[in-house]
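Written below as structure tokens is the structure these notes are about.
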Amino acid sequence: MTIKRPPLDLRELLVVRVIASEGSIHGAARMLGGKQSALSRSLRLLEERLGVQLFRRTSSGTKLTPAGAIFLREAEELLDGTTRLYEHTRRWSVGKNGIISVGIQGSVPPGRISDMLKPYSLTEPGISFVWQDAARSDLLQALKEGTIDLAVVTLPSTGIGMVTAPLWSNRIVAVTAATHPIAQCGTRSWADLQDATFLIGKDDIGRELGALLERKMRQAGYVPRMHPEAMRSLRVIAVVANGEDIALLPDAWLAFLPASIRERIAVVDVVDGDGFPHFAYGAAWRQEICPPAARRVISFLEQQAVAF
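Okay, structure coming up:
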């Protein structure tokens with residue numbers, strides 16, 4: 011089989027990008043640290059090979075032609091993809107360089123993981139992070155396919171070949187309007203809530219809260235009354251604040267409610283034979299395809315979890 015050399019090289023793509031950003035060949039030569047004549051010749055040879063003009067030359071500089079704009083868009087994707095390839099591959103060396111892709115489940119409180127990793131970023135400047143927010147099932151699939159390095163999800167994880175490490179847990183509380191009858195007592199059992207209607211949000215956290223409610227109520231011998239809402243779980247709290255229904259929410263999410271909503275709600279602890287209901291969160295990864303850089307990050311997260 012004959013292997014053909016690619017018709018373009020990265021240097022040529024970079025030249026086009028810099029000329030476009032600087033607006034002139036002179037400015038691009040200064041930016042790249044080369045001679046203007048050499049850059050001009052490189053561009054001319056590229057245009058001859060392509061059979062199209064990428065730039066219009068004027069006395070005031072250069073401007074992309076329609077063909078040049080399309081070329082630049084594709085060139086930037088290739089250049090950025092090459093950078094990602096380089097950084098992702100470096101993760102497999104000693105683990106102190108490269109990009110780590112982290113998936114975060116929708117029910118994880120905003121900022122929690124980035125706060126935990128902030129000290130790591132300061133001590134390991136060669137590591138950077140890219141983030142993906144998705145449903146739990148999508149993140150586990152992404153781990154299986156190797157498109158992300160680690161995910162922060164609710165535990166336990168049942169994915170085949172998955173390894174997990176617990177990080178923290180959030181207590182689940184009931185939220186009602188301040189005028190609701192159950193608001194007068196700080197703690198209730200699931201039996202006390204058997205006649206209440208629970209509003210469930212249409213998002214990842216809503217699905218998990220609905221599953222928890224179903225499990226806890228049936229363990230107590232009751233069938234929960236659930237009403238799904240076509241909105242996110244935090245918005246459901248605003249509806250609850252105006253009515254007689256109830257919602258469940260991890261207590262860490264209460265801080266993200268507007269003050270105008272917090273003033274009109276009551277937070278009630280729910281207790282059963284197992285204590286307070288909670289969501290346990292942890293890191294999940296595939297051991298056989300987890301690069302050294304990601305393993306170092308996971309070890310750091312485990313240390314942070316112990317410290318907290």
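Taking my numbering, the leading residue of the sequence shown gets 11, the next gets one more, and so forth. C-beta: ideal position from N, C-alpha, C; glycine also. No experiment lies behind these values; they were computed from the predicted model shown.
Exposure of residue i, with buried meaning 16 or more beta-carbon neighbours within 10 Å
| i | result |
| --- | --- |
| Ser69 | exposed |
| Leu82 | buried |
| Ser103 | exposed |
| Asp214 | buried |
| Val316 | exposed |
| Ile299 | exposed |
| Ala85 | buried |
| Lys14 | exposed |
| Ser147 | exposed |
| Leu259 | buried |
| Leu177 | buried |
| Leu127 | buried |
| Gly105 | buried |
| Gly292 | buried |
| Leu132 | exposed |
| Leu55 | exposed |
Proximity of residue i and residue j at Cβ, strictly below 8 Å
| i | j | result |
| --- | --- | --- |
| Val28 | Leu64 | no |
| Ile123 | Phe289 | no |
| Glu312 | Ala175 | yes |
| Thr186 | Ile275 | yes |
| Val278 | Gly216 | no |
| Asp261 | Asn180 | yes |
| Leu222 | Ser243 | no |
| Glu22 | Ser50 | no |
| His280 | Arg198 | The amino acid occupying residue 280 in the given sequence is Val; His does not appear at that position. Yes, Cβ-Cβ distance for Val280 and Arg198 is below 8 Å. |
Straight-line gap, residue i to residue j (C-alpha atoms, nearest Å)
| i | j | result |
| --- | --- | --- |
| Leu264 | Gly91 | 39 Å |
| Ala294 | Leu149 | 9 Å |
| Arg245 | Gly211 | 8 Å |
| Tyr96 | Leu88 | 12 Å |
| Met236 | Pro129 | 42 Å |
| Ser47 | Val307 | 47 Å |
| Lys234 | Val163 | One point to set straight first is that residue 234 is Pro, not Lys, in the sequence displayed. Whole-angstrom Cα-Cα distance: 25 Å. |
| Lys45 | Ser138 | 34 Å |
| Leu18 | Thr99 | 23 Å |
| Ala79 | Gly61 | 15 Å |
| Leu165 | Pro119 | 15 Å |
| Pro238 | Tyr232 | 18 Å |
Residues near residue i by beta carbon distance below 8 Å, same chain, minus five either side
| i | result |
| --- | --- |
| Arg101 | Asn107, Gly108, Ile109, Ile110, Asp159, Pro301, Pro302, Ala303, Ala304 |
| Gln142 | Ser111, Val112, Gly113, Ile114, Leu149, Ala152, Ile158 |
| Arg296 | Leu153, Lys154, Gly156, Gly171, Met172, Val173 |
| Ile256 | Ala184, Val185, Thr186, His190, Ile192, Leu203, Ala206, Thr207, Phe208, Leu209, Val250 |
| Leu20 | Leu88, Leu89, Thr92 |
Cutoff 6 Å; reference residue i; Cβ partners in own chain excluding five residues on either side
| i | result |
| --- | --- |
| Asp282 | Trp200 |
| Lys73 | Arg66 |
| Ser117 | Asp214, Ile215, Glu218 |
The beta strand (DSSP E) enclosing residue i, as first and last residue numbers
| i | result |
| --- | --- |
| Gly116 | First-last for Gly116: undefined, no H or E at that position. |
| Arg274 | Arg274 -> no beta strand (DSSP E), and no H or E assigned at all. |
Limits of the unbroken alpha helix (DSSP H) element including residue i
| i | result |
| --- | --- |
| Gln63 | It is not in any alpha helix (DSSP H) - Gln63 carries neither H nor E in the DSSP assignment. |
| Asp90 | 76–100 |
| His36 | 35–42 |
Sequence-distant residues of its chain with Cβ nearer than 7 Å to residue i (five each side left out)
| i | result |
| --- | --- |
| Leu271 | The sequence shown places Ile at residue 271, rather than the Leu named in the question. The residues are Ile247, Ala248, Ala251. |
| Gly253 | Ala187 |
| Ser75 | According to the sequence as given, residue 75 is Thr; it is not Ser. The residues are Gln63, Leu64, Phe65, Arg66. |
| Lys226 | Trp200, Asp282, Pro287 |
| Glu32 | Ala38, Met41 |
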